[in-house]
Amino acid sequence: MIDALNAGIALLLLGLAIWTIVARDTFAAIVGYVAYGLLLTLAWVALGGVDVALTEAAIGGGLTGVLLLRAAAQLRRTEAASNAERPGLPMRLAAAIVAGGVAVALAIVVLAPAGPAPTLVPEVAANIAATGVGNPITAVLLAFRAIDTLLEAIVLLFALIGVWSLAPDRVWGGRPGPRYRADPDGTLAYLARLLPPIGIIVGVYIFWIGADAPGGKFQGATILAAMWLLAMMAGLADAPPVGRRRLRAALVAGPVVFIAVGAAGVATAGAFLAYPEGLAKPLILVIEWALLPSLALTLGLIMAGAPQRPEDR
Amino acid sequence: MSAALDLFTVVAVAAGAFFFLAGTVGLLRFPDVFTHLHALSKADNLGLGLVVLGLLPQANGLLAGLKLVAIWLLALLVGAVVSQLIARAARRAGPRA
Chain A
1 MIDALNAGIA LLLLGLAIWT IVARDTFAAI VGYVAYGLLL TLAWVALGGV
51 DVALTEAAIG GGLTGVLLLR AAAQLRRTEA ASNAERPGLP MRLAAAIVAG
101 GVAVALAIVV LAPAGPAPTL VPEVAANIAA TGVGNPITAV LLAFRAIDTL
151 LEAIVLLFAL IGVWSLAPDR VWGGRPGPRY RADPDGTLAY LARLLPPIGI
201 IVGVYIFWIG ADAPGGKFQG ATILAAMWLL AMMAGLADAP PVGRRRLRAA
251 LVAGPVVFIA VGAAGVATAG AFLAYPEGLA KPLILVIEWA LLPSLALTLG
301 LIMAGAPQRP EDR
Chain B
314 MSAALDLFTV VAVAAGAFFF LAGTVGLLRF PDVFTHLHAL SKADNLGLGL
364 VVLGLLPQAN GLLAGLKLVA IWLLALLVGA VVSQLIARAA RRAGPRA
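Residue numbers (our numbering), protein chains in the order written: chain A, 1 to 313; chain B, 314 to 410.
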């Protein structure tokens with residue numbers, strides 16, 4: 001019974017993946033991609049990877065879907081022209097060979113019966129008590145492999161700089177996106193008043209529970225950012241001008257605290273990002289609490305897009 | 314008692330799945346945006362409601378049950394608002410071939 005369900009999910013995933021690639025219309029392809037992300041979430045739950053499932057739902061399906069939809073809206077004017085162009089036969093052959101080669105190589109690596117995959121699970125299980133954290137994923141992300149998480153948070157900042165750099169010169173440092181004007185008595189404004197209190201609690205809960213159960217700051221921050229975006233799109237809150245110094249300070253505050261704690265580890269525990277004995281859990285909490293608002297701001301501003309108008313409009 | 318609850322779960326979830334099936338058929342067969350929304354809202358509201366109702370006896374304690382109900386209520390809220398927004402956008406765009 002469960003096997004049939006899993007086989008069904010796998011078949012649907014393959015079908016949706018093919019549909020996403022084959023669809024000529026950009027919008028249809030994105031809808032397929034978002035559905036694919038949600039289905040992948042189910043697959044991760046079936047595999048017992050609830051942490052990965054939450055991330056896939058929040059970031060893979062939700063946030064990336066919003067970014068792609070925005071990009072598609074920008075491309076709509078030129079889409080018909082670019083769809084009419086067809087690359088020549090050699091180009092298509094080369095693309096088919098490269099893509100097919102990558103697929104075959106991946107299949108060989110993944111499907112080859114090379115015995116049990118190498119694993120660090122026993123070592124994590126043996127050392128997790130030293131971190132004071134109950135969720136092994138969080139222990140790996142913030143204690144055993146903290147450098148990866150630090151770089152991830154910094155990569156998001158680079159992504160935001162990339163988004164901002166799409167702004168024309170005259171609105172550099174201005175406000176992202178159009179000024180949304182929705183009917184203040186309409187349904188969207190109603191939802192934007194009703195949902196954020198619930199969303200903020202759910203976001204902070206997912207962040208807080210991450211210490212001991214599936215959850216974490218990236219997933220929580222995505223939900224907080226979505227609530228902010230909802231208030232912006234309903235016209236209840238305006239996007240801040242991205243040139244504002246306080247905003248930029250808030251954006252880098254999380255990574256700066258992370259780096260400061262890491263640097264302090266050199267003096268107190270003998271290595272960058274090492275925590276002194278007994279202080280691991282409080283320091284992890286400090287980093288998490290510092291990262292959450294910065295991440296929520298960063299993700300919200302990435303979704304809000306490049307600056308489009310000067311500060312006063 | 315537990316057999317009766319299990320039976321209740323099976324019946325309610327099956328009824329919910331039927332509404333999802335009917336909603337999907339409606340989405341594929343109905344002619345325009347407004348009737349599509351009509352079909353989908355049945356699946357979302359009643360289908361999900363019946364699935365949640367069926368899962369309540371299997372929930373792990375009162376809190377888990379309340380979470381299930383909260384999920385249904387949130388889906389109702391967002392479904393209603395999104396239907397309104399899509400319908401308004403469709404009406405503004407006018408009838409299309």
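Where a beta carbon is used, it is the ideal one built from N, C-alpha and C, also for glycine.
Please list the terminal residues of the continuous alpha helix (DSSP H) segment that includes residue i.
i: B/Arg411; result: This structure does not reach residue 411 of chain B, given that chain B is present from 314 up to 410, and the question cannot be answered.
i: A/Ala62; result: Here the sequence assigns Gly to residue 62 of chain A, which means Ala is not the residue at that position. Unbroken run through A/Gly62: none, as it is neither H nor E.
i: B/Phe332; result: 315 to 342
i: A/Asp238; result: It is not in any alpha helix (DSSP H) - A/Asp238 carries neither H nor E in the DSSP assignment.
i: A/Leu251; result: 245 to 268
i: A/Asp3; result: 2 to 22
i: A/Asp51; result: 50 to 55
i: A/Glu288; result: 280 to 304
i: A/Ala43; result: 26 to 46
i: B/Leu368; result: 361 to 368
i: B/Leu353; result: 346 to 355
Between which two residues does the beta strand (DSSP E) containing residue i stretch?
i: A/Gln333; result: Past the edges of chain A, shown from 1 to 313, lies residue 333 of chain A, and the structure says nothing about it.
Report buried or exposed for residue i, applying the criterion of at least 16 other Cβ atoms within 10 angstroms of its Cβ.
i: A/Met91; result: exposed
i: B/Ala410; result: Unreliable placement is indicated for B/Ala410, whose pLDDT of 41 sits below 50; no coordinate value is reported for it.
i: A/Ala139; result: buried
i: A/Asp183; result: exposed
i: B/Gly360; result: buried
i: A/Lys217; result: buried
i: A/Ile2; result: exposed
i: A/Thr334; result: Any question about residue 334 of chain A goes unanswered here, given that chain A covers just 1 to 313.
i: A/Val242; result: buried
i: A/Val171; result: buried
i: B/Phe332; result: buried
i: A/Ser165; result: exposed
i: A/Val163; result: buried
i: A/Gly203; result: buried
i: A/Leu16; result: buried
i: A/Val261; result: buried
i: A/Thr78; result: exposed
i: A/Gly270; result: exposed
i: B/Ser396; result: buried
i: A/Arg175; result: buried
i: A/Pro307; result: buried
i: A/Pro122; result: exposed
i: A/Ala211; result: buried
i: A/Asn83; result: exposed
i: A/Thr55; result: buried
i: B/Asn373; result: exposed
i: B/Leu375; result: exposed
Quick check on this structure: which residue in the options has the alpha carbon closest to the alpha carbon of residue i?
i: B/Ala383; options: B/Phe347, B/Val365, B/Gly374; result: B/Val365
i: A/Glu288; options: A/Ile206, A/Leu236, A/Ala234; result: A/Ile206
i: A/Ala143; options: A/Leu157, A/Asn127, A/Val155; result: A/Asn127
i: A/Ala234; options: A/Thr20, A/Pro196, A/Gly215; result: A/Pro196
i: B/Leu334; options: B/Ala356, B/Phe321, B/Leu318, B/Val346; result: B/Ala356
i: A/Ala7; options: A/Tyr36, A/Ala46, A/Val34, A/Ala17; result: A/Ala46
i: A/Ala35; options: A/Gly254, A/Ala306, A/Gly61; result: A/Gly61
i: A/Leu251; options: A/Leu188, A/Ile284, A/Leu157; result: A/Leu157
i: A/Ile137; options: A/Leu89, A/Val50, A/Ala153; result: A/Val50
i: A/Val256; options: A/Leu230, A/Gly270, A/Leu295; result: A/Leu295
i: A/Leu120; options: A/Pro282, A/Thr64, A/Arg145, A/Pro307; result: A/Arg145
i: A/Gly132; options: A/Arg244, A/Ala4, A/Gly278, A/Gly305; result: A/Gly278
i: A/Arg179; options: A/Leu39, A/Leu42, A/Asp312; result: A/Asp312
i: B/Asp319; options: B/Ala393, B/Leu379, B/Leu398, B/Leu369; result: B/Leu369
i: A/Thr20; options: A/Gly32, A/Leu14, A/Leu13, A/Leu194; result: A/Gly32
i: A/Leu5; options: A/Leu38, A/Gly37, A/Ala43; result: A/Ala43
i: A/Glu85; options: A/Val110, A/Arg24, A/Ala130, A/Leu68; result: A/Arg24
i: A/Phe258; options: A/Ala80, A/Pro240, A/Leu283; result: A/Leu283
i: A/Leu40; options: A/Val109, A/Ala28, A/Ala239, A/Ala57; result: A/Ala57
i: A/Asp148; options: A/Phe272, A/Arg76, A/Ala117, A/Leu12; result: A/Phe272
i: B/Val412; options: B/Asn358, B/Ala316, B/Gly362; result: Here chain B covers residues 314 to 410 and nothing more, so residue 412 of chain B does not appear.
i: A/Ala53; options: A/Gln219, A/Ala264, A/Ala226, A/Ala225; result: A/Gln219
i: A/Ile30; options: A/Leu11, A/Leu75, A/Ala10; result: A/Leu75
i: A/Leu236; options: A/Ala211, A/Asp185, A/Ala267, A/Ala159; result: A/Asp185
i: A/Leu297; options: A/Ala159, A/Lys281, A/Tyr190; result: A/Ala159
i: A/Met303; options: A/Trp228, A/Arg244, A/Val110, A/Ala290; result: A/Trp228
So is residue i in contact with chain D if we call contact Cβ pairs under 8 Å?
i: A/Leu89; result: Going by chain labels, chain D is absent from the structure shown, which instead holds the protein chains A and B.
Any heavy atom of the ligand PLP closer than 7 Å to the beta-carbon of residue i?
i: A/Thr222; result: For the ligand PLP, the structure offers nothing, since it holds no ligand at all.
Interfacial residues, the region 385 to 400 of chain B to chain A, with Cβ spacing under 8 Å: Leu387, Leu390, Val391, Ala393, Val394, Gln397, Leu398
Whole alpha helix (DSSP H) elements within the region 79 to 166 of chain A, 4-residue minimum: 89 to 111, 121 to 127, 136 to 139, 146 to 164
Contact set between the region 25 to 46 of chain A and chain B, restricted to residues whose Cβ is under 8 Å from the partner: none
Against chain B: residues of the region 194 to 206 of chain A by CB proximity under 8 Å: Leu194, Leu195, Ile198
Proximal residues, the region 181 to 195 of chain A versus chain B, C-beta separation under 9 Å: Correct list: Gly186, Thr187, Leu188, Tyr190, Leu191, Leu194, Leu195.
Ordered list of alpha helix (DSSP H) runs contained in the region 160 to 211 of chain A, each at least 4 residues: Counting whole runs of 4 or more residues, the region 160 to 211 of chain A contains the alpha helix (DSSP H) stretches 187 to 209.
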